[in-house]
Structures are given as C-alpha cells and as structure tokens.
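One structure is given below, encoded as structure tokens.
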Amino acid sequence: MAYDEVLADRIRALLEGAPLLTEKKMFGGLGFMVGGNMAVAASGQGGILVRVDPAEGDELVATTPAEPMEMRGRSMSGWLRVDTTDVATDDALDAWVQRGATYAGSLPPK
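Position 29 of the sequence shown, counting from 1, maps to 27 under the working numbering, and the rest follow consecutively.
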C-alpha cells in the first residue's frame, strides 16, 4: 500500500517553514526530517508514524489513540503509529506533527 498523498500534503503544509526540513521516501511511506532526524512520516500502511521522546512513549500510548510502532515484530522505542482516523482533523494532525518536529529538532543535526 502506498502512502496517502493527501495526508502527506497536510503534513507538508504544517511543517512549512520548519528549519532544515527535508523529505525522503522510505519503507513505502514519505518521511519528513528536521535537521536530518526523522520527525513524522505518512506511513505506507496508513496513518502516520511519529518520533517521540522514548521516555514519553508509554504515557502517550496510555492516554492517546497512538500505538507503539512495530517493525518485524519488535516494538520500536520512541516511535508511535497513529491511525488515519485519529488525524482526520487539522488540529489532531498538527498536535502529532508538532510533537514529532519538536523532538526531532531537539536532537543533534545529522
């Protein structure tokens, strides 16, 4: 399944003007990087992937619709999956995009 191009356009619009923003196609999706660090992606499996502070991951899973991201059966610390229906509104998407961009921007540039 290819990523949702409308969702990718919405993410792109929210990140407009972010410093050192780049995009990269990967794993069937489209990743958005801040300073070379992945912040958020329009997933090829639907919805978005969001990079978060690993120390906040469990709390976010418990208090939001986000789920741990799994790759090859392993939970990936610091990564969450959010379903398309949970980012249907611009406000909901913006909250996740800004969370990912803020965390990625806090990391040393690559």
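We put the beta carbon where it would ideally sit given N, CA and C, even for glycine.
Here the structure is a predicted model, which is why all the values come from computation and not from measurement.
Asked: Start-end ranges of the beta strand (DSSP E) lying completely within the stretch 28 to 67, minimum 3 residues; Found: 35 to 40, 46 to 49
Asked: Between the CA atoms of residue 107 and residue 45 - distance to the nearest angstrom; Found: 26 Å
Asked: Residue 16 versus 1, 3, 25, 35, residue with shortest Cα-Cα distance; Found: 35
Asked: Own chain residues within Cβ distance below 6 Å of residue 27, not counting five before or after; Found: 1, 39, 40, 41, 42
Asked: Rounded C-alpha distance that separates residue 37 from residue 47; Found: 8 Å
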